[in-house]
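> Using the numbering used here, the first residue of the sequence shown is number 774, and each one after it goes up by one.
Glycine included, C-beta positions come from ideal geometry on N, C-alpha and C.
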Amino acid sequence: MSVVNLSPALKSLLEAALCEHYSAPVSIQRVTPLEGGLTNRCLRIDDSQGGRFVWRPRSQVSDAFAISRSREAAAQSLAATYQLASVPVCQLSEGLLVPWLEGESLDPHSAESQAILIDLLVRIHSMEGRLDTQDVRTQCQHYEQQLTLAKQQTLKQLRDRRQWQLPTDPLAPVVCHMDLGSYNAVIQPNGEPCVLDWEYARLGSACLDIALFCRANGYTPAQVVSDYCALRCIEGSAPVRQAVEAWLPFADYLALCWYEVGATLYGLSTYQEQAQRLYRQLAGMDES
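#1: DSSP state of Ile1007, grouped into three classes?
#2: Do Trp1020 and Leu981 come within 8 Å of each other at the CB atom, strictly closer than that value?
#3: Out of Val804, Asp970, Gln1047, which one is the CA nearest neighbour of Ala848?
#4: Which of the three DSSP states, helix, strand or coil, is assigned to Trp971?
#5: For Leu807, report the span of its alpha helix (DSSP H) as first-last.
#6: Is the separation between the beta-carbon of Ala1028 and that of Arg988 shorter than 8 Å?
#7: For Pro940, count neighbouring C-beta atoms within 10 Å of its own C-beta (all shown protein chains included) and say buried if the count is 16 or more, exposed if not.
#8: Which residue or residues does DSSP assign as beta-bridge partners of Pro943?
#9: If you reduce the DSSP assignment to three classes, tell me which class Arg903 lands in.
#10: Helix, strand or coil, according to DSSP, for Gln864 in the structure here?
#11: Would the beta-carbon of Gln856 fall within 8 Å of that of Ser843?
#12: Just how far apart, CA to CA, sit Thr906 and Val947?
#13: Around the Cβ of Cys1006, are there at least 16 other Cβ atoms within 10 angstroms (buried) or fewer (exposed)?
#14: Determine the burial state of Leu851: buried for a count of at least 16 other Cβ atoms within 10 Å of its Cβ, exposed for fewer.
#15: Using beta-carbon positions only, say whether Ile960 and Leu874 come within less than 8 Å of one another.
#16: From Glu845, Ser835, Asp819, Ser978, pick the residue whose C-alpha is nearest to that of Pro943; which is it?
#17: Less than 6 Å between C-beta atoms, sequence neighbours within five positions excluded: which residues of the same chain meet that for Gln822?
#18: Quick one: what does DSSP say Ser1061 is sitting in, helix, strand or coil?
#19: Is the number of C-beta pairs between the region 953-967 and the region 915-924 that are closer than 8 Å three or more?
#20: Applying the 10 Å Cβ sphere with the 16-neighbour rule, what's the burial state of Cys914?
#21: Please state whether the Cβ-Cβ distance between Val871 and Val804 is less than 8 Å.
#22: Can you tell me which of the three DSSP states Arg817 falls into?
#23: State whether the region 997-1005 contacts the region 891-901, with contact taken as three or more CB pairs (one from each stretch) at a distance under 8 Å.
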């Protein structure tokens, strides 16, 4: 695994934050890139106290994906009060430092993991706190602006042809994670689940978040909504399921724009392939 050299100024800032965290002298011993994470390009930091942390930088890439580290820090701090996340160590203008979490990943295809993930989704939606809001159309527009004019025109033609209408939600706005997949949750050594990666969290539509959750984990609304409503003591799941199904095209279009931005930034064929698949699906060229 390659080793990363932090700038002296950033290294000094992070060591000062860690000294305050430990209330003891500490130095950064090793910095290595984490695998995956297109939008984050995060780094793992090992220190002289034996601790491990994750540095989540602000960068041109995070700006392209409309990621605010201060918004992320607020969301994760809120989740930490509900024992759903770790408490951030510090938030700087350069990025966010959070604890490294040991644990086992979840298998989205197992019934046990599905139950855990739905319970986590309900717990997130039950949190009370003040977070920023952002309309899904605004987020899509930001992504579109990162693309070439030709690509923007192609997407506009798709929107004009499909003419999607925003659904009417039967549920009040809630705190949404917006990316709750099995890849963003771990079972800690104490047996408790913990949620990672709060960079897209905001106050928004519960039904959109359920739609994104279904897509992220390969679930259908029928698999999720009944259990979700039961856990939230919502009588009558049919209106919720209908709203979630109506949000699916918006969830897919948001993912399409996200993959297009990723392909533009990094030229990764896998992201371009995903974007093409979603485009065909939304254009009605595929049955899926």
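By the coordinates alone:
#1: One-based indexing of the sequence shown puts residue 1007 at position 234. The three-state reading of DSSP puts Ile1007 in coil, since its state is none of H, G, I, E or B.
#2: On the sequence shown, residue 981 is found 208 positions in, with the first residue counted as 1. On the sequence shown, residue 1020 is found 247 positions in, with the first residue counted as 1. Contact: yes.
#3: Here residue 848 is taken as the residue at index 75 of the sequence shown, counted from 1. Per the Cα distances, Asp970.
#4: Counting from one through the sequence shown, the residue named residue 971 turns up at place 198. Coil, per DSSP.
#5: If you number the sequence shown from 1, residue 807 lands on position 34. It is not in any alpha helix (DSSP H) - Leu807 carries neither H nor E in the DSSP assignment.
#6: Numbered from 1 along the sequence shown, position 255 holds the residue referred to as residue 1028. Numbered from 1 along the sequence shown, position 215 holds the residue referred to as residue 988. In this structure, the beta-carbon distance from Ala1028 to Arg988 falls below 8 Å.
#7: Translated into positions along the sequence shown, residue 940 becomes position 167. A residue is called buried when at least 16 other Cβ atoms come within 10 angstroms of its Cβ; Pro940 meets this threshold and is buried.
#8: Here residue 943 refers to the residue found at position 170 when the sequence shown is read from its first residue. Its beta-bridge partners do not exist; DSSP assigns none.
#9: In the sequence shown, the residue the question calls residue 903 occupies position 130. Reduced to three states, the DSSP call for Arg903 is coil.
#10: Locating residue 864 in the sequence shown gives position 91, counting from the first residue. In this structure, DSSP gives Gln864 an extended state, which the three-state scheme calls strand.
#11: Looking up residue 856 in the sequence shown gives position 83. Looking up residue 843 in the sequence shown gives position 70. Annotated as distal: Gln856 and Ser843, with beta-carbon spacing of 8 Å or more.
#12: Indexing the sequence shown from 1 puts residue 906 at position 133. Indexing the sequence shown from 1 puts residue 947 at position 174. If you take the alpha carbons of Thr906 and Val947, they lie about 10 Å apart.
#13: Within the sequence shown, the letter at position 233 stands for residue 1006. With fewer than 16 Cβ atoms within 10 Å of its Cβ, Cys1006 is classed as exposed.
#14: To locate residue 851, count along the sequence shown from 1; it is residue 78. With 16 or more Cβ atoms within 10 Å of its Cβ, Leu851 is classed as buried.
#15: As a first step, residue 960 must be located in the sequence shown, where it is residue number 187. As a first step, residue 874 must be located in the sequence shown, where it is residue number 101. Cβ atoms of Ile960 and Leu874: not closer than 8 Å.
#16: Here residue 943 refers to the residue found at position 170 of the sequence shown. Minimum Cα distance to Pro943 is reached at Ser978.
#17: For this step, residue 822 is matched to residue 49 along the sequence shown. By the criterion of a C-beta distance shorter than 6 Å, Gln822 is surrounded in its chain by Tyr795, Val799, once the five residues flanking it on both sides are discounted.
#18: By 1-based counting over the sequence shown, the position of residue 1061 is 288. Annotation note: pLDDT 45 at Ser1061 (below 50); position unreliable, coordinate value reported separately. If DSSP states are grouped into helix, strand and coil, Ser1061 belongs with coil.
#19: By the C-beta criterion, the region 953-967 is judged not to be in contact with the region 915-924, since fewer than 3 inter-stretch pairs fall below 8 Å.
#20: To locate residue 914, count along the sequence shown from 1; it is residue 141. It is Gln, not Cys, that sits at residue 914 in the sequence shown. Label assigned to Gln914: exposed.
#21: Locating residue 871 in the sequence shown gives position 98, counting from the first residue. Locating residue 804 in the sequence shown gives position 31, counting from the first residue. Contact: no.
#22: For the purposes of this step, residue 817 is identified with residue 44 of the sequence shown, where counting begins at 1. Here Arg817 sits in strand by DSSP.
#23: Touching, yes.
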